[in-house]
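Presented below is the structure to which this report refers.
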Amino acid sequence: MDANLSDTRDIRLDSYLHIFALVFLYYDHLITIGVIKFVWMRPKKPGTYWFLANRYFLASVNIVVTLFEFTPFKFLKVLIGINQVLVSVLMTMRVYALYGRSSRVLGGMAIVGAVNISWALFTGQGATVTQSTFGCQIGLSYDISKRLAIAWEASFAYDSMIFALTLMRTWRAGWNIGIRKRRLPVMTLLLRDGTIYFAVVALSNLANIFTFYFCGPFLRGGLSTFSTSP
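Reading the sequence shown from the start, the letters are residues 281 to 510 in the numbering used here.
Spelled out as structure tokens, the structure:
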């Protein structure tokens, strides 16, 4: 009976986390609806299309997943993987711009990204859900969750690298500007260069990784929706 109560609690909490992430995502779309004027109605560049793909792909996919609750597990993995690639490429483009379109920086990020993707795909082969069920809900065994966590750990490693590169660039800019204008707040630079945003993305991925190791079978990966809703 205690196990059933624990599973019920985890399933309910997982649903709450999913709903919270969706509300957070669509609220962000609502308050930034002015992007239509600044992006859609102007000449498009390749980076613009990537931004739009990242912005609207996850929003559309989450509608499908929520309406059709019994989405196949493999399908969910593919969708999350595509979204992670979209987000990572967008962050890479921003860091590439911050470093003055440096080919060395871009090459380094591309190598690290390729290694992370290869490692995640290699370790994730054959990872399927177990027969641990509670009603219509399917849980993850600890062994399978550890394998799935590796893909998120690869994403966290890349996010951490992006955060470190952005932070270094921000502090360097703050030092150079500080010589000429000492009153420019460091927080302004952090917000301007997106350092705080990258930190939040990395920390949300880290929190989701912890769920694979320390939560029950029905709550493992419970922060996946939130950590893929930047």
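Glycine residues also receive a C-beta, built at the ideal position from the N, C-alpha and C atoms.
If you're wondering where the values come from, they're calculated on a predicted model, not measured in any experiment.
Per DSSP, the unbroken alpha helix (DSSP H) holding L486 starts and ends at 475-494.
At the C-beta level, F337 and N363 come within 8 Å of one another. Inclusion of V385 and V369 in the CB contact set at 8 Å is not warranted, their separation being larger than that value. P497 carries a coil assignment under DSSP once its states are collapsed to helix, strand and coil.
When C-beta atoms of the stretch 487-507 are compared with those of the stretch 417-433, three or more pairs fall below 8 Å, so the two segments count as touching. Taken in chain order, the whole alpha helix (DSSP H) runs of length 4 or more contained in the stretch 303-368 are 326-347. DSSP places T505 inside the alpha helix (DSSP H), whose first and last residues are 504-507.
Here R452 carries a helix assignment [DSSP, helix/strand/coil]. DSSP, read as helix, strand or coil, puts S435 in helix.
Under the criterion of beta carbons closer than 8 Å, P497 and L420 qualify as touching, at roughly 5 Å.
If you draw a 10 Å sphere on the C-beta of F506, you find 16 or more other C-beta atoms in it, and that means buried. In this structure, the beta-carbon distance from S435 to N485 falls below 8 Å.
One Cα belongs to R449, the other to M441, and the distance between them is close to 12 Å.
Between Y438 and V480 the beta-carbon gap is near 15 Å, outside 8 Å, which marks them as no contact.
Between G502 and V365, the alpha-carbon positions lie close to 20 Å from each other. In this structure, the straight-line span from the alpha carbon of S504 to that of A444 is close to 23 Å. The C-alpha of K317 lies about 11 Å from the C-alpha of P323. Pairing V341 with L359, the inter-Cα distance amounts to about 8 Å.
Assignment of Y422 by DSSP, reduced to helix, strand and coil, places it in the helix class.
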